[in-house]
Amino acid sequence: MNYQAPVKTTLLEVRDLRTQFQTASGTVKAVDGVSFTIERGERLAVVGESGSGKSAMAMSILRLLTHPGRVVGGEILLDGRDISRLSEGQLNTVRGRLVGTVFQDPMSSLDPVMRISRQMIEPIMRNLRLNRDQARAEAIKWLDKVGIPEPERRIEAYPFEMSGGMRQRVMIAMALASRPQLVIADEPTTALDVTIQAQIVEVLKTLTAEAGSAMMFITHDLGLVARFAHKVAVMYAGRIVEFGRVEDIFANPAHPYTQSLLGTIPSTTMLKSERLPQISGLPPDMRHEITGCAFKDRCAAAHDRCLAEAPRLTDRGHEHTAACWTPHGLEQALATGQQHATRLNKPFEPDGSVVVELNALRKQFATSRKMVVRAVNGVNLRVHKGETLGIVGESGCGKSTVARMLLGLERPTSGDIFIAGLAQMVFQDPAASFNPKMTIGDIVAEPLVVKSRGSKAERLDTVKRLISQVGLDPAFVERYPHQLSGGQRQRVAVARALALNPSVVVADEPTSALDVSVRAQIINLLVDLKEELGISFVFISHDLLTVRYISDRIAVMYLGEVVEYGAAEEVFADPRHPYTRALIDAVPVPDPVVESRRAATPLQGELPSPLNLPKGCAFASRCPMATDRCRAEKPALPDHDLSRQVACHYAH
Amino acid sequence: MIGNIRKLLAATLTLLASTMLVLTISSPALAQGKTLTVRFYDDPAGFDPANIFRIENENIAFNIFSGLTTYDGETGEIVPDLAVSWETTDNKTWTFKLREGVTFHKDYGDFTAADVIYSFNRIKDPATASPYASELAGIVSMEAPDPYTLIIELDAPNGNFLHTVANYHQGQIVSQKAIEEAGDQVRWQPIGTGPYYLESIDVSSQIVLKRHEDYYKGPAPIETIVFNIIKDEATATIALRNGEVDLVMRSNKEENLEVLEAEGFTMNSVKDYAVVIGVLNPEFEPFANPLVRKAMAHAVDYASITQAISPSLTQPHHSMLLPWMDVYTDDVPKYEYDPEKAKALLVEAGYPDGFTFKNLGTSAQGVTELQQFQIDFLSQVGINMEMELVDTPTFNQRRNAGEFDMASRLLPAVNPDMILFSYLHPDNMVPNGLNGARYDNPEVTNLLEAARAEPDKEKAFEMYKQVQQIVAEDAVYLATYSNNVFWPGKPEVTGVHINYLAQVNFYDVNIAE
Amino acid sequence: MAEYTAKKLVQMLITVLGVITLVFFTLRLIPGDAASAMAGDTLSGEALQALREQMGLDEPLVNQYLGFLRDLVTVDLGETITTRIPIAELLLRALPITLSIALATIVLSILISIPLGTLAAFMAHKGRNWLDNGLTGAAMIIDLMPSFWMALVLLLIFSLGLGWFPASGQLNWSDPWALVLRLALPVIVLSLSQVATLARITRTAVLEVLNEDYVRTARSMGWSELRVLFRHALKNAALPIATVVGLSFGNLLGGTVIVEFIFTIPGVGNLLISGINSRDYQLVQTLIVFYALLFVVINFATDLIYKTLDPRVQF
Amino acid sequence: MTDITLTTTSAPKTGPFAILLAASRHPLLSHAKVRLALLILIPILVLTILAPVLPIQKPLETNLRAMMQFPSIEHVFGTDKMGRDIFSRTLAGVQISLLVGFSVASIALTFGMVLGTLAGFYGGWLDRAIMTVVDIFLAFPSLLLAIGLVSVMGTGIVPVIFAISLADVPRFIRLQRSQVLSLRSRAFIDAARTVDASQYWLMTRHIVPNTIAPMLVAASIAAANAILVEASLSFLGLGIMPPQPSLGNIVRDGQTYLEQAWWISTLPGVVILLIAIGLHFLSDGVRELLDPRSH
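Residue numbers (our numbering), protein chains in the order written: chain F, 1 to 652; chain D, 653 to 1165; chain R, 1166 to 1480; chain A, 1481 to 1775.
As structure tokens, then:
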């Protein structure tokens, strides 16, 4: 360890860490020889898709894995002390005190039957040697720091009385209260909405900086990485494939995987005419011994050597290392790739024919206590033939309810829906939207059977056609959902949606359950189909970049109302509604330069409960520029005007 | 909410507390003096002579009450009880001299002829709804010229009247005062003149008797008798072996008896307590034929069966009457086990390849081991016996109505005349009586009536003997086996004489130091 | 809360009424009546009829039914038909016995099964399954032993063989120790199967909690495994366990029948059997309704307790 | 998991041998508990079926000269008080007991499935009606329910089966209902509704198929318990009547001789144990195989 170095002193050094899961169907080498270091006060982002072993790695450091997971090798030097050799008892003096942890799902990470106070105060008493009152004061201080309103009162709350964002704040407060040297954050924002996400990230960033603690931040979202990491470690199949300073990684990624990952994310400026680069295939099955480079099957630049032996991390200049035999990864391959990456994507021009029309649509749910939730509160929308309408908004804004009403799964309380032809749906979670007891064939054929279209033989042909249309092997008709990967399932879902050749397909968060690398595949599929079949899409998502990329028009919803509507690019280029602006600001952009230029003032507060809607502008409570007028009268949205529409008194 | 729970809790607690109180009060405070603990095998059903059922209750009543006569514990003969002597010339008019200085339990005063008259009239009174009214139906008049003389006039001669007035059912003498005070609780407040009185009772667990200090024979040797209700046979046996009880009322499982005998307990018993007979219904065509009935008798080897199942509890028997009865005769045709002969008889009767019949039984008892053997043996001569199991009440009702091919009956009665009359006399033919074989043989009928009226014991005996011979010859009823009653007890418990009503007079019982 | 309780109460009322009706008319389907059962084979036609009238069995069904309902409402349990004893008195004697057996059983089985189950879960969580398997195996075997069989074996061993416990005798409330000895065997017999089930429930509940994220959180705060086990795991597992205990208590009251018969304990179960044997409708229907009532009330109580203990549940 | 199932589904489905092959590769058999279960159950079943042709005394045949004999070659389980061969009686008993067990299981399954599905799927008054009745029946301790019923219907196989089932059906209805309720909100139901599939279609194609597995598990346990409840009923003299042997009444009759001849009730008792253990292992195995978390 280089303690003599004045500025940089290593806090954590991990050497050749190996973690395995003994399962019935074989040993999974979740972490397969990972080495890296974190300097004091440094923020390291560990990026990777599900199954890349990033979480297992993080949990291994404090030995928080549960059976059958087990650290089988390596050293973990914290301040030069190898904590991997410590007994449970000794390790407990490290956990929570020297190293704090924030977990992914705030909903389940706090003990539901214990008040916050109990869960927070006792660790503080122990770690900072304080008496109960001091500890309590300390806890309240931290709750205040992480931005929990009236902490004196909320500290006595039960977790279930708080929103996800609030709980995550509590988690952070718990982790930081003992002034740890290192904070391990395992996907701390994945379960949260963009605006909340931004807030949380900001809190983490500032507070760790303030306390001078280093942080290890596990995520799959490159945008977030760009937003706040100093260093990045990209993991694939249990190993670090690239490691370096964030600017370097984003500016000139050296590993094909990193390169393609960055490519798959639609940027704010990307043109519709450009085809979204995608990574073909799936990550390897970790139960099997991997010979050669784990990425070889999905790598355009793969060559013989990749098949034979696994590359080690090699130096690529100033602290930048990558594990690839080719010096510059995909560069050539991409260069050649560019040509077929563009497409004859004719920009959409409306021919006036309307496929979907929603007029003054309202939906109210009566809760047990005779109170009404106004989920959808007067929505007017139109979708033209061949048009893709993107609906964005935070969870609870009513976008999904609109979709369900479109498909007749919910009956509107008032207002009417007009659909020319048939509407079909692609659900968010492909795993849940299939009957596990049915074969893929039956699933795709179901609409046909129900509507008794064609003979058995004809149906089978149709099904096979559809399945190949979505880019799957027709042999899949034999298989069952659990035998397919997430991406494959979502393709099947699309095929099923097309079975009755509908005039409009409603896709509710179709990619949010998928891994980054697969996401692009589905997006491309949808775009292609739209071109081939000329059907309209309603694309619902909180992933603004994707929505922007895929849709012709965008409707931004807030508390059951559309607050802004217009052509996708325009809305993005020049958002007029403060909420739209806030949303776009909140979106992490995979570009450290852009991120660093951004004003770090995320939208404050949370979505007010739809139980008691303000009588004025719904957004007033969170709006930076709200006036009495906003709180008094509701800004109206001129309906069914193809040009820009903004529901704000002060929209220029 | 929490409040509710507390209330609930409080409620249960108070309940518990109050109950313990009740129990501690009712639980007997046993004074010093000898105490005998006896196993009682079922829930007591009350001890009102007018409405008493089941032997175990009768045994309690037997020690609480007295009759004009009673049965000698050892010989089973009729002996004086409340009546010191009696005389009759024609079996029609009976004059009893009553015992003086007899007092009822507690302070219900002295016993006089008036009490007898009251007791008998109470039984006869339709309002009492006593099932035993018919027993006393024959009484035309009762007079008491003086408190200790009683003259009873019957409508017809009855040589067995002394049985009728014995210390049993209708024969037991009650105190008018006590009855009137008890109201509808007579069954729980029995007041008699017997050696013991009822001190306390917990119908679900125990009965406590205390000795009647002014009993006319003098106080019984044992002061307190505690009857513990133990229903399960196995448990009862263990209880005795553990010394938790001194005496087991009616142990009727061979295997238990074997164990107890082996361990040196006294096997108090009475042999030939009652006989089990098969009643064959002649309306079922094959049974109308005497040859078939004889074949049935020859087909089954009761000797070895009883030997196999329960050698101590049962033995084969060939008559409706039991050896200890005064009119019993052994000089009757017998049917030894002889399958060949049985087959031959069947052929002769015109059933070369046998027939099938149903044997009525109770589902509560199931198919007894004996019946399982019967099935086996009969099948070997080509007769197929099927069991028809019904619930007990239905069984009783159908058996009393005579609706069956075959049904078995236990004949518990000390009065041979009564047995013969009720099973052979046409007047008692089912459904009015017990004559399930629908036997109507004028010769027998005459003999019976004559015998009953005959004052001369010798002559009477001759007639009874003839009856028994004819009946055996016709194989009217299928005599199978007779059974014995056991009251196993500790060796130091003496004087447990079980009479032929399967009852023990606890006055004779003592515990040796 | 109040609204919920009210709804639940109405539900209970309906249930109990249903039970009452069902019981009443089913009983009337049982062949034979109190009179014939009492008389045995000693009586013939008219004598029996007399007995019936005396017992009031000749009244029309509907009147009997309405009468029964009236009595229940006025909490007048009436007398046994055959022996004219106030049923309330019988119940008051039998109930505390059965209750104490049931309670003792519950307590005993909780004391044994919860630590056992927790330990099993803890080890299973660590990937060591032998105790877990052993427990399941034992539980299964115990579950499968007919209670009457087990009872007799225990009698032979502990009562006859070792002479530790009496096989019969009065329940003397004034002598607690004797009482304990007297009730020991039945309680053991009942507990065995209780332990079997309870331990397994505990094990599953605790194991589930151990896999929860918040347990990991607690570990990440540096708390020892034992502390986590008791502070978090057991606390959270307590709710499901409590419910099961409540329900099994209800079942126990019914389950005592056989044990009471074999060990000749004058409890409610024994009362019921005699009632059935003597065809004493009054007694039987009162008892069964009583059972049902108890059962329903206990369920209701457990339900409420659950709802109050779990902060997440709002009314 | 994935690849295992792949092999089975892609296994050639032609020719009995091929099918056997496929079957032998089926995950069911690859599961230890299931194998153990079959190892226990199949021999018992075979013996039971072969009983009539085995060279053993007939179950009802008495023998006055061979009473209460200790197990021997001739009488594997020894003989009872009436010199009957306990082994052959046990086999006959197994027959009856299995009959009881499986009838009860299937009755409970059928009614539970139908009523539970209706209640859970349609809800409303139908649900309320069904569940009220269910509650009423659940309010009786199940043994009491059985006792009551048998005293009404009399003894014998049919009443016993009926009585035990009546205690089980409500539980099955509950189970099925709760399953249906949780399934009703699943996304694939919505997916089917988007092509407006009929209620009947939803129930038969989507709901019921997904409820069967857990119900089968419950059923196999119910079968095991039924065998024991029958035993308890026999003990109270309400079960199946001798000479007709059922495992229950054999054990019951034998227990009085526990001291003189322990084998009379012990050996058949062990058989009950084996069967029940077998059934439990079977259900356990099946459950674990169906539980996604387990692989």
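Glycine residues also receive a C-beta, built at the ideal position from the N, C-alpha and C atoms. Source: prediction; values computed, not measured.
Inset, instruction - Using the Cα positions of I791/D and I804/D, report the straight-line distance between them to the nearest angstrom. - result: 7 Å
Inset, instruction - Determine the burial state of N1036/D: buried for a count of at least 16 other Cβ atoms within 10 Å of its Cβ, exposed for fewer. - result: exposed
Inset, instruction - Rounded to whole angstroms, what's the CA-CA distance from E673/F to P106/F? Just pull it up for me. - result: Any answer about residue 673/F is impossible in this case: the structure gives chain F only from 1 up to 652.
Legend entry - V1188/R, buried or exposed, once every other Cβ within 10 Å from all chains shown has been counted against 16: Flag for V1188/R reads buried.
Legend entry - Secondary structure of Y565/F, DSSP reduced to three states: Residue state, collapsed to three classes: strand.
Inset, instruction - If I'm right that P592/F touches V246/F with Cβ under 8 Å, what's the distance once you round it to whole angstroms? - result: That pair is a contact at about 5 Å.
Inset, instruction - Express the C-alpha separation of K758/D and Q1155/D in angstroms, rounding to a whole number. - result: Between the alpha carbons of Q1155/D and K758/D lies a distance of about 24 Å.
Legend entry - Residue-level contact to chain A via CB, L110/F, 8 Å cutoff: no
Legend entry - Touching by the beta-carbon criterion (3+ pairs, under 8 Å), the segment 319–328 of chain F and the segment 233–242 of chain F: Put simply, the segment 319–328 of chain F touches the segment 233–242 of chain F. At least three CB pairs are less than 8 Å apart.
Legend entry - Where D1198/R meets chain F, residues with beta-carbon distance less than 7 Å: Ordered by position in chain F, no residue passes the 7 Å Cβ test against D1198/R, which lies about 51 Å from the chain.
Legend entry - Residue of I540/F, L448/F and V518/F minimising C-alpha distance to R496/F: When only C-alpha atoms are compared, the closest one is L448/F.
Inset, instruction - Could you tell me whether any Cβ in chain F is nearer than 8 Å to the Cβ of T1283/R? - result: no
Inset, instruction - For P1476/R, decide whether its Cβ has a neighbour in chain F, counting only Cβ atoms nearer than 8 Å. - result: yes
Inset, instruction - Measuring only between beta-carbons, confirm whether V900/D sits less than 8 Å from chain A. - result: Not one beta carbon of chain A lies nearer than 8 Å to the beta carbon of V900/D.
Inset, instruction - From the DSSP output, in three-state form, read off L207/F for me. - result: helix
Legend entry - Short CB-CB distance (under 8 Å) between L64/F and chain R: yes
Inset, instruction - Going by CA-CA distance only, name the one from H67/F, G329/F, V183/F and I76/F that's closest to V653/F. - result: The question about residue 653/F has no answer, for chain F in this structure spans 1 to 652.
Inset, instruction - Could you give the DSSP three-state label for I877/D: helix, strand or coil? - result: strand
Legend entry - Cα-Cα separation, A1171/D to D924/D: Past the boundaries of the shown model lies residue 1171/D; chain D is included only from 653 to 1165, so the question cannot be answered.
Inset, instruction - Run down chain F in chain order and give the residues with a C-beta less than 9 Å from the C-beta of K1291/R. - result: T66 and H67
Legend entry - Beta-carbon proximity list for P614/F, same chain, < 8 Å, skipping 5 on both sides: Same-chain partners within the cutoff: P608, A620, S621 and R631.
Inset, instruction - Compute the distance between the beta-carbons of N715/D and A697/D, then report whether it is under 8 Å. - result: The answer is no: Cβ separation not under 8 Å.
Legend entry - Chain-ordered neighbours of F1190/R on chain D, where CB pairs are closer than 7 Å: Going along chain D, no residue has its Cβ under 7 Å from F1190/R, so there is no contact; the nearest lies around 18 Å.
Legend entry - When D1764/A, P1539/A and T1635/A are compared against S1568/A, the one with the closest alpha-carbon: P1539/A
Inset, instruction - Helix, strand or coil for D1079/D, going by three-state DSSP, please let me know. - result: helix
Inset, instruction - Mind reading off the beta-carbon distance from A808/D to L802/D? Whole number of angstroms is fine, and I expect it under 8 Å. - result: Contact doesn't hold; Cβ gap of about 19 Å is too wide.
Legend entry - Cutoff 8 Å: V1675/A Cβ touching any chain F Cβ: yes
Inset, instruction - Closer than 9 Å by beta-carbon distance: list the chain D residues that pair up with K1561/A, in chain order. - result: E906, E907, A960, I961 and E1021
Inset, instruction - Report yes if the CB atom of H969/D is closer than 8 Å to the CB atom of V927/D, and no otherwise. - result: A contact, by the Cβ cut-off of 8 Å.
Legend entry - Rounded straight-line distance, which links the Cα of R1381/R to that of L1394/R: 11 Å
Legend entry - Min CB distance T687/D to chain R below 8 Å: Judged by the 8 Å Cβ criterion, T687/D is not in contact with chain R.
Inset, instruction - Kindly examine the ligand COA and report whether one of its heavy atoms sits closer than 7 Å to the Cβ of V562/F. - result: With respect to the ligand COA, the structure shown offers nothing to examine, as it has no ligands at all.
Inset, instruction - Put W1295/R into one of helix, strand or coil per three-state DSSP. - result: helix
Inset, instruction - Determine whether the Cβ of V855/D lies closer than 8 Å to any Cβ atom of chain R. - result: yes
Inset, instruction - Using three-state DSSP, classify I440/F as helix, strand or coil. - result: helix
Legend entry - is_contact[A1457/R, chain A] using C-beta, thresh 8 Å: yes
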